[in-house]
Structure formats: C-alpha cells, structure tokens
Amino acid sequence: MEAPVQVIETKRKQNQNKDPKKRRSRLETPLQRNLTAYGFLAPWLIGMLFLTVGSMMFTFYLAFTDYDLLTSPTWTGMDNFSNIWSDANFWDSIRATLVYVVLSVPARLIASLLIALLLFKEVRGIGLYRALIYLPSLIGGSVGVSIGWKKLFATDGPINSFVGIFGVEGPNWIGNPSTAIMVLILLSVWQFGSEMVIFLAGLKQIPTYLYEAATIDGASRIKSFFSVTLPMLSPIVFFNLLMGTISSFMVFTQVYIITGGGPMNSTLFYVYYLYQQAFTYYNMGYAAALSIILLVIIAAFSGFIFLTSKYWVNYDV
Amino acid sequence: MNKKSSRKVLRHLLLIIVSFIMLYPILWMFFSSFKPDTEIFSTSSLWPETWTLEHYLSGFGNDAPMNFGPMFFYSFLVSVVVVIGTVLSSTLTGFAFARLHFTPRRFFIGFMFATMMLPAQVVMIPQYIIFHKVGWVNTFIPLMLPSFLGTVPFFIYLMVQFVRGIPKELDEAALIDGCSKWRLYRSVILPLSQPAIVTMSIFAFYWTWNDFFGQLIYLSNPELYTVSLGLSMFMTNMGETQWGNLFAMSILSVIPVFIIFLVFQRYLVEGIATHGLKG
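Those protein sequence lines, which keep their order, are chains A and B. Be aware that the first sequence starts at 1, since it is given in full-length UniProt numbering, and climbs by one per residue. Be aware that the second sequence starts at 1, since it is given in full-length UniProt numbering, and climbs by one per residue.
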C-alpha cells in the first residue's frame, strides 16, 4: 500500500517519454524553465539532498566508525562488520526476522486474496462489510492495539478462555519462545486490509468475458480461479508480495510492545535489535553497519522477487 | 428456499463471521475498558456486568498517574502539522514532476521512485545525529520538519499520478491566458487535485498519529510525550495492574483514526485501489 507498482510505472514512462522535448514553449528559455521547475522542487530537493542522499552517505561513513554520540567518531575500518559476524544476537535477529517474513507474508497474501474474493460480489451491505474488515489494518500498527493484542494472548486472556471451553489448557503464548513469534505473525495477518483492497481493485479489472469463455469451455469454478483469476491477478500478487516483504522486515512497534524481543531472543526482530544498538546502547557506528546489512538483505529479497517474477507474472490481457 | 437465496444467506453468514473475528479484539478491548478491573479477566463474556467510566476519567487530570490530556493534544498537533507539510511539499513536487520540463527530469523522477524502496532505518541514524547536533531532540521539529521536505515518496507518486490524469488542455488554456506556472499550480491544478489531497491528508494524519518509532527516539522528556509514547510508558511502568485504564486510553487513541475512516471511507479505500494501481 505504501508504494506504487514499479513495473506499471516504467511501462508508463516509456509511453510518455516521446513528447517533452518537442513541447518547448516559445516564450521561455531552457534556463528559465529549469529555474521555475527548481523553484517548485526546492523543498523536495533540500529534503533529498540532506535527509536522503546526505544521510545515506553519512550512514556509510558511520558504519566504519565507533561513535557514541558524545565523542567524535573514530575510524575502525571493518571492525563493526567483523563484530556483527560473530554477534550471536545478530544471528538470532536474522533467524527471527526470516521466520517472521517467510510465515507472515504468504499467510497475509492468502488471507487477503480469499477475503477479497468473498468481498468481491456485490451483496446488500457489502460496503459495511468491507469497511469493518478493513478497519483492523488501519489501527493495527498503533501502540493501543498492540497493548490489547498482548493481553488477548495472555495466560488469562480471552484466547485461552476460548480454548478452555474445549477443555484445552492454553499455552503461555508470549512467554514461550515457540509461540511468541506466532502471536506477532497473527497480528500481522490480522492486518491484511491494504493488500485486500488492492486485490479487490484487481478483481474488478478482470474482464468478465474471460470467465464466460472458461465456463463455455467447461471449466469449474475452481479451475477458472486457477486459470483465469490467478494469472490475471499475478501483477498484483507480485506487488503485494514485494511490498509485504519489505514492510515485514521493518516491523517494530508490535515487537517493542508485545514481546520486547523475548523470550530468549525468539522475537528479536532486526529493526528492534538495530534500535537497541542505536538508542539503548548508543552504538551508532555498529547500528549504522546493521542498517547497511538490512539494506543489502532487503535489496536481495526484492531482487529475487523481481528476477523470478518473469516466470510467474503475467502482463498480457 | 431456492438455491440462489440460500447461497446468499450463506454468503452473508460467512461475511458476518469473518467481520466478527476481525473485530473481536477491538470489541473486547472496547467493552473491557468499561469493566471494573476485577471483571476484565474473570469473565469470558464480552458484555460488562457492571459498567464504569472510571478508567476513562482516571486517564485525565493532574492527580492521574499519567495525564493523557496534553499527550492527545501533542499527537494531534504533530499530526496536523505533518498533514500541512505533506500537502504543501507533495503537491509542489508532484506538479513539477507531472507538468514541468527540466533537466535532469528523468533522473529525478527515477530517483524518487528508487527511494520508495529505501528502508527508513538506513537514513534514520544520521538523521537522528543531525537533529541531535542541532539541538532539536526533545522538540517536535524532527517529527514535523521532514514532511515539509517531501520525504515520503508515496505521496509524491500519488500526486504525480493524479496530475497526469488532469487534461493537459486545461494547462494550455491557462498558459495562453497568461497564467504563470505558479498560478497554474495554485488556481488550476491544486483545486482539481482535491481527491488526491484528501487521500494523502488522511494517510499522513494516521501514519503520524500511529507512529511510534519516531516519537520514541526523538522525545524522551515526559512533558512532551505523545499518545503512543504515553501508552507504551504507562504499560511498562504500571500497566500490569491497570489494564482497565490502559484499554480505555488505547481505545481513545484509535478513535481519531476511526472517525476519519468513517467520514472518508470512500476516499480511503478507493484512494489505495485506484491511485495505487492504475498506471
């Protein structure tokens, strides 16, 4: 949800590039034209220069230093990176984050697609159902909801009283390393709304004649789902997969409030660990190095999704 | 009952079940916030046996363990300023990208899209250090200033897409009539972009309202706590005993988002669906 479909955008750019140079106004010189444009772009240019490009270069510098915010940074070369390599907490955080990403992203994709199919058909009150089901996604990232979620899975919380009805004694969800991460994954799955809305929009764009043709060919509902709906939705699956993966790597509030990284580092998610290094221990250089590794990991995952996409994403209509 | 209408009933039943499961956590918190502390975990029924407003009242006033009044005000202040900053910077930049010619235009647009994939954590540490050096830690400036500098590429993208959908003939007519580029922006594009502006305002508001990370690192002075911070500190300091109060304040903390959602629901859902996808 936070970002657009890159691929559609590049296609669009290719179509649009033909005209700009020809449309040169007779009244303006190129210099004037640039000056006007830069006037409009000034805020963005300043932000880009200092808060994006400058900051990124600064991160790269810091990653090779030791810096505690009080004394000036001292150059330590590759020390941070070699320390990270032998840092047990780092590996715990990598493991926890990967488990989280690998389980929560597909689960959310499937949930959002199934619910989108359910919400696609116009029935009475569909607007209300859509709104109600979307609502958790809107507030799910907030501290308030995380607090409720923590208590929902407490030993004396409603989830355990519910399973108690069936005579099962519920586990200590948050205190147990193998279930704590499930609580966080469930919270992420519960917020499938933005993916769902995007799926809904995609479903609306599938031409009905494709379904008619499939029916005439004798395809069952399930068959036409797999041979019409899914291929037609593949660009959207791609988009949701990419954005979901990136945002899952960055989950923070929920960990901070619900598990605090525990028990036994089982939910020490990467960004939470990065936060601890930077703002609890003030190891700014170390944290900068961690953030560069995060950048590399996310780039690798995105690159992988992009590369495989040509085998399963279908752009023909 | 014939087959068609029983199908319909089944569909509604399914929809109701799914909606209920989705809403259960929120409903549980909501009703719990009206229960006396002793009742919250002793009954599994959603509906309170005795209703009390005590939890809501004890979150406010100077004798409260934590006074949430100023926190709500600060959250609101920061969110509103961020909305203003976002609208200003994103419409200016979006207009320039969509309508003005400059070099290197393609490079800048490409760059803007590239930053969309950049994890915020990569620039967070230097930004913190910069704001720390300038002495703005423990002020609201680090939370507000970036929005004026167009640092959320998603909003610029939204605006670019929207402006591209506005007929170019309008620009040409305005320019022939002697409009300057500024007046074109101010009097033609801006009023026509209202739907995009509403969408980005809503998102900017509720991302800021729900934000925790930024507020956590930049505000450590309890007198400047926002709602997110207040809630998290309340939970770690005395939460284990005061779940009723925590739930009450948590419910209050999601109400602004809830209201905006109710009022602008159509814009929001369609905003994601159409701006997010149509090329």
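Ideal placement from N, C-alpha and C gives every residue a C-beta, glycine not left out. Note that the structure is predicted; figures quoted are calculated from it, not measured.
**Message:** Counting only beta-carbon separations shorter than 9 Å, does B/L190 have a partner in chain A?
**Reply:** no
**Message:** Quick check: what's the CA-CA separation for A/I297 versus A/V168?
**Reply:** 41 Å
**Message:** My output table needs one value for A/W75: the three-state DSSP class, helix, strand or coil.
**Reply:** strand
**Asked** Between the C-alpha atoms of A/Y256 and B/R105, what's the straight-line distance to the nearest angstrom?
**Response** 41 Å
**Item:** Host alpha helix (DSSP H) of B/Q121 (start-end)
**Value:** Q121 to V134
**Request:** Could you tell me whether the Cβ of B/A96 comes closer than 9 Å to any Cβ of chain A?
**Result:** yes
**Request:** Would you please verify whether the beta carbon of residue 308 of chain B is less than 9 Å from any beta carbon of chain A?
**Result:** Any property of residue 308 of chain B remains undetermined from this structure, which presents chain B solely from 1 to 279.
**Request:** Return yes when the Cβ of B/M66 is within less than 9 Å of the Cβ of B/V251, no when it is not.
**Result:** It should be noted that the sequence gives Ile, not Val, for residue 251 of chain B. No. Outside cutoff.
**Message:** With a threshold of 9 Å between beta carbons, is A/P43 in contact with chain B?
**Reply:** yes
**Prompt:** Given A/Y67, which residues of its chain have a CB within under 7 Å of its CB, disregarding the five upstream and five downstream residues?
**Reply:** P73, M284 and G285
**Request:** Establish whether the CB of A/S188 and some CB of chain B are separated by less than 9 Å.
**Result:** no
**At least three beta-carbon pairs within less than 8 Å, the segment 299-312 of chain A to the segment 127-139 of chain A** = no
**Request:** Note down the Cα distance separating A/R24 from B/P167, rounded to an integer number of angstroms.
**Result:** Here A/R24 scores only 49 on pLDDT, less than 50, and its place in the model should not be relied on; the value that follows carries that caveat. About 18 Å.
**Prompt:** Out of curiosity, what's the CA-to-CA distance linking B/S75 and A/M182?
**Reply:** 31 Å
**Request:** Tell me whether A/I292 is buried or exposed, calling it buried when 16 or more other Cβ atoms sit within 10 Å of its Cβ.
**Result:** buried
**Request:** Take the Cβ of A/Q254 as the centre, count every other Cβ of all protein chains shown within 10 Å, and call the residue buried at 16 or more, exposed below.
**Result:** buried
**Request:** Using 10 angstroms around the beta-carbon of B/L170, count the other beta-carbons present and answer buried if the total reaches 16, otherwise exposed.
**Result:** exposed
**Prompt:** Count the other CB atoms within 10 Å of the CB of A/S188; is the residue buried (16 or more) or exposed (fewer)?
**Reply:** buried
**Request:** Tell me, please, whether the CB atom of B/L277 is closer than 9 Å to any CB atom in chain A?
**Result:** Any reading at B/L277 must be qualified, since the residue scores a pLDDT of 45, below 50, and its modelled position is unreliable; the value itself is stated next. Closer than 9 Å to some Cβ of chain A, the Cβ of B/L277 qualifies, so yes.
**Asked** Of all Cβ atoms in chain B, is any one closer than 9 Å to the Cβ of A/P263?
**Response** no
**Message:** Need the endpoints of the alpha helix (DSSP H) that A/W173 sits in, please.
**Reply:** Counting along the chain, A/W173 falls outside any alpha helix (DSSP H), and DSSP gives it neither H nor E.
**Item:** Same chain, Cβ closer than 8 Å to B/F264, five either side skipped, listed in chain order
**Value:** V198 and I202
**Asked** Any heavy atom of the ligand GTP within a distance shorter than 8 Å of the CB on A/A289?
**Response** No copy of the ligand GTP appears in this structure; indeed no ligand is present at all.
**Prompt:** If you run the structure through DSSP and keep just helix, strand and coil, what is A/T65?
**Reply:** strand
**Request:** Mind listing the chain A neighbours of B/K181? Cutoff is C-beta to C-beta under 7 Å, in chain order.
**Result:** T36
**Request:** Evaluate contact between the segment 151-160 of chain A and the segment 172-179 of chain A, counting only Cβ atoms and requiring at least three cross-stretch pairs below 8 Å.
**Result:** yes
**Asked** What residues in the segment 108-132 of chain B bring their beta carbon closer than 9 Å to a beta carbon of chain A?
**Response** F108, I109, G110, F111, M112, F113, T115, M116, M117, L118, P119, A120, Q121, V122, V123, M124, I125, P126, Q127, Y128, I129, I130 and H132
**Request:** Whole angstroms is fine: what's the gap from A/A299's alpha carbon to A/L184's?
**Result:** 24 Å
**Prompt:** Who are the neighbours of A/L135 on chain B, taking C-beta pairs under 8 Å?
**Reply:** M22, L23, I26, F258 and F261
**Request:** Would you verify that the beta carbon of B/W209 is, or is not, closer than 9 Å to some beta carbon of chain A?
**Result:** yes
**Request:** Give the secondary structure of A/G218 by DSSP, where H, G and I count as helix, E and B as strand, and everything else as coil.
**Result:** coil
**Asked** According to DSSP, is A/G54 helix, strand or coil?
**Response** helix
**Message:** Nearest by alpha-carbon distance to B/H55: which of B/I17, B/L46, B/P36 and B/L145 is it?
**Reply:** B/P36
**Message:** Can you pull the chain B neighbours of A/V143, defined as C-beta to C-beta under 9 Å?
**Reply:** N210, F212, V227, S228, L229, G230, L231, S232, M235, S250 and S253
**Message:** Does the structure place the segment 227-243 of chain A close enough to the segment 193-211 of chain A that three or more beta carbon pairs sit under 8 Å?
**Reply:** yes
**Asked** Taking Cβ-Cβ distances shorter than 7 Å, what residues in chain A pair up with B/I217?
**Response** F279
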